[in-house]
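Numbered as in our numbering, the sequence shown ends at 568 without a single skipped number.
Note that CB positions come from ideal geometry on N, CA and C, so glycine has one too.
The structure under discussion appears below in the form of structure tokens.
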Amino acid sequence: MKKQYDLSLVWLRRDLRLVDNRALAEAGNRAKTVAVVFVFDTQILNQLKSKQDQRLSFIFESLLELDAILRSKGSQLIVRHGDPVFEIPRLTFDLKAQALFYNEDYEPYAQQRDKRIESELSAHTQVFSFKDQVIFSGHEILKSDGKPYQVFTPYMKAWLKELTKNKTSLQAFEPSEFEYVARKSLEAHSISLALDRIGFEKVEPVYEFQKPGRKSGLKCLDTFGRNLIHYSERRDFPVLELGTSGLSVHLRFGTLSVRECVRLCYGVKKKGPQIWLSELIWREFYHMILDQFPYVAEGCFKKQYDNIEWVNDPSHFKAWCEGKTGFPIVDSAMRELNRTGWMHNRLRMVVASFLVKDLLVDWRMGESYFADKLLDFDLAANNGGWQWCASTGCDSQPYFRIFNPSLQSQKFDFD
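Spelled out as structure tokens, the structure:
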């Protein structure tokens, strides 16, 4: 097949893998040679509060793995540090790349950034973006009237129906034969791959499932797959090491593709796999909500609740953050979050409900704290989860439902 371009650039963002990566596959199908770049985005980094942010260590180690693979093929990963709005156009010009390929990101900042880059490049470089982070994007699963769903169960039914009609959505993306651009042509365009070079310090992961890179992600996926049959009865108990998948961080940074995860459970007529599939669909539901209703990133989905007068007692919020409320299940969960960057999903619901409905603190303060601390922080999932607990979101729990921390301890924290 004749290639359209001599050289194309693939920009990695939330897809830190070279396998089953749609943008890379499409670039390989259309270009004779491909260069791969990752940009440490200063617009994001400058907002981080800690130089020991675990997310930077995860990204850094995952990039080292990618760079080693590319070097084994005679190329290398290009690493840049700056504002992508300037870095990407400059790099495409310097490399004389005829096309830019990347996978879509549905967060408001990313969409605005990508539009600016596309506009900057429109005169001389073709720009292609692709759905890769989800199975179905926000506009693909709609009600009969063409409007987006606001309730999960009918959305899930429609999602499953669409997948039945379009099972190719789960197929891995593999390119035709192509070559990576030779290393000697790229060295001058990349900074050294070192965390201290961009002002951050390395942090070692606490848990096995937090280890970075695709190899670690595949190992976690395999381990979870062998225990998936027990997921439905184990998933609510934080003490059980294999109760949940632990794959959220790998989905967040794309060391695994969502297609790999869905293929593990789709069509398996057992309760465990079906429950986990529903959790993956919840992830897609919240990404759809953020994409179709971007105002939720700043306020309540149910706008009438934006006028709630929260108590917001600073001492109560501080005690919650530090795990000093006097409620053991809340305090142990918050201390684990602060120490490890991880919290079990059941505990996320418990501590969120406690902050909002017992301490009467604005859910956005808790959402922001999680955004600073969670290694697997994902805006869509974090926002959706907090608004569900606060009863301000779409298809959220009733406002009068409050998690009793003492009963939650008795039921789920049997350690």
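Which listed residue (the options) has its alpha carbon closest to that of residue i
i	options	result
residue 534	384, 284 and 404	404
residue 231	273, 344 and 364	344
residue 286	514, 439, 543 and 511	439
residue 509	522, 479, 542 and 538	542
residue 288	473, 430 and 242	430
residue 312	330, 327 and 290	290
residue 414	324, 219, 471 and 519	324
residue 536	473, 449 and 281	449
residue 202	527, 447 and 432	527
residue 401	482, 330, 436 and 182	436
residue 452	326, 348, 539 and 155	539
residue 198	167, 272 and 236	236
residue 213	458, 459, 349 and 523	349
residue 434	272, 314, 172 and 163	314
residue 254	364, 336 and 267	267
residue 196	238, 160 and 228	238
residue 328	181, 499 and 501	181
residue 409	369, 447 and 428	369
residue 320	309, 371 and 412	412
residue 187	501, 162 and 276	162
Assumed close pair residue i, residue j - CB separation to whole angstroms, cut-off 8 Å
i	j	result
residue 545	residue 454	6 Å
residue 139	residue 226	Beyond the ends of the chain as shown, which are 154 and 568, falls residue 139; an answer cannot be given.
residue 399	residue 170	That pair is no contact at about 17 Å.
residue 443	residue 302	Contact flag wrong, Cβ pair sits at about 13 Å.
residue 575	residue 366	There is no way to answer for residue 575, as the model of the chain reaches only from 154 to 568.
residue 244	residue 189	Not really, about 11 Å apart at Cβ, beyond 8 Å.
residue 353	residue 220	With 8 Å as the limit, residue 353 and residue 220 do not qualify as a contact, their Cβ atoms being about 17 Å apart.
residue 608	residue 228	Past the edges of the chain, shown from 154 to 568, lies residue 608, and the structure says nothing about it.
residue 326	residue 168	At roughly 11 Å, the Cβ-Cβ gap does not stay under 8 Å, so residue 326 and residue 168 are not in contact.
residue 294	residue 487	With 8 Å as the limit, residue 294 and residue 487 do not qualify as a contact, their Cβ atoms being about 35 Å apart.
Which residues DSSP lists as bridging residue i, in chain order
i	result
residue 231	190
residue 252	161 and 279
residue 426	Its beta-bridge partners do not exist; DSSP assigns none.
residue 384	None, per the DSSP bridge assignment.
residue 301	295
residue 333	187
7 Å Cβ shell around residue i - same chain, five flanking residues per side excluded
i	result
residue 283	175, 176, 179, 256 and 257
residue 424	385
residue 521	none
residue 525	202
Contacting residues, own chain, Cβ-Cβ under 6 Å from residue i (five flanking each side not counted)
i	result
residue 165	191
residue 351	193 and 234
residue 548	304 and 305
residue 426	381 and 418
residue 274	242 and 280
residue 157	183
residue 497	391
residue 567	In this prediction, residue 567 scores a pLDDT of 47, lower than 50, which makes its location untrustworthy; the coordinate-derived value is nonetheless stated afterwards. Nothing listed; no residue qualifies.
residue 397	388
residue 355	210 and 348
residue 300	none
Same chain, Cβ closer than 8 Å to residue i, neighbours up to 5 away in sequence not counted
i	result
residue 518	465, 470 and 508
residue 483	473, 476, 503, 504, 507 and 558
residue 263	166
residue 530	208, 405, 523 and 524
| said: Measuring CB atoms only, is the stretch 353–370 touching the stretch 487–506, in the sense that at least three cross pairs come out at less than 8 Å? | reply: yes
| message | Taking 8 Å as the cut-off, does the stretch 412–427 touch the stretch 374–387 (at least 3 CB pairs, one atom from each stretch)? | response | yes
| request: Kindly confirm or deny that the stretch 387–396 and the stretch 233–250 touch, where touching means at least three C-beta pairs closer than 8 Å. | output: The stretch 387–396 is not in contact with the stretch 233–250.
| request: Inspect the CB distances between the stretch 460–473 and the stretch 497–517 and report whether three or more fall short of 8 Å. | output: yes
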